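One point on numbering: in numbering that gives the first Met the number 0, the residue at position 21 of the sequence shown is 20, and numbering is uninterrupted.
Structure, as structure tokens:
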Amino acid sequence: MKIIAPLTLLAAAVAVASPAAAAEKPSAEKFYAGKCASCHGKDGRGNAKMLKMFKVEAKDLDLLDGAGTPEEDAAFVKAILEGKGKKMPSFKAKLGGLDPADLVAYIHGLKPAVK
Ligand code: HEC
């Protein structure tokens, strides 16, 4: 019983956790908040503390300062998949089924419509 009880608990936990994980790919919003905002800021403008820590320029962490052209979108997808420079990690293996283009679309959505 001492061995079986924890196993039963584990099985129950897996049963509860897995259907949701299998059915839903992570939303771009949640993924951004969990994996990107720490460096790029919730608003996409860059986290000031990280700027100092990484010794990068504000524009490097600011994801909203670009032109939003298809070329830029492609470069963003590439940066997400492969990483960029020394500090931007590759997320290729961590996307969990999320399309990097969805992340880029989410990032564009952070930009206030009226400036
Ligand atoms: C550990 C901090 C860190 C995390 C976490 C991080 N980034 Fe970055 N990111 C950077 C840095 C630093 C750069 C600038 C790299 C350079 O230009 O040398 C960058 C660059 C980028 C660029 C390219 C911007 C440009 O103008 O070319 C994109 C797009 C990007 N990040 C998206 C994301 C997304 C989406 C996530 C979450 C999945 C994320 N980043 C998570 C630090 C981070």
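Backbone N, C-alpha and C fix where the C-beta goes; we use that ideal spot for every residue, glycine too.
Since the model is a prediction, treat every value here as computed from it, not as a measurement.
Expressed to the nearest angstrom, what Euclidean distance is found between the alpha-carbon atoms of residue i and residue j?
i: A20; j: G96; result: Confidence at A20 is low in this model, with a pLDDT of 49, below 50, so the placement of that residue should be treated as unreliable; the coordinate-derived value is given next. Approximately 11 Å, taken between the alpha carbons.
i: S26; j: K91; result: 16 Å
i: A130; j: N46; result: Residue 130 falls outside the range modelled here, since the chain spans only 0 to 114, and no answer is possible.
i: A100; j: E56; result: 25 Å
i: I79; j: S89; result: 6 Å
i: Y105; j: K54; result: 26 Å
i: E23; j: L94; result: 12 Å
i: M52; j: E81; result: 22 Å
i: D98; j: F30; result: 11 Å
i: K86; j: L109; result: 22 Å
i: K58; j: C35; result: 15 Å
i: H107; j: M49; result: 21 Å
Alpha helix (DSSP H) containing residue i: first to last residue?
i: D72; result: 69-81
i: F90; result: Segment: none, F90 is in no alpha helix (DSSP H) and carries neither H nor E.
i: A32; result: Premise fails: A32 is in no alpha helix (DSSP H) and is neither H nor E.
i: V103; result: 99-109
i: D59; result: 57-60
Thinking just about the alpha-carbon of each residue, which of the options is nearest to the one in residue i?
i: V103; options: F30, V76, K51; result: V76
i: G84; options: D98, L60, P111, H107; result: L60
i: P111; options: D64, K86, E81; result: D64
Can you determine whether any heavy atom of the ligand HEC sits closer than 6 Å to the C-beta of residue i, and answer yes or no?
i: A92; result: no
i: A78; result: yes
i: D72; result: no
i: K51; result: no
i: K86; result: yes
i: K29; result: no
- Query: Pairing CB atoms from the region 66-78 with CB atoms from the region 37-50, are three or more of them under 8 Å?
  - Reply: no
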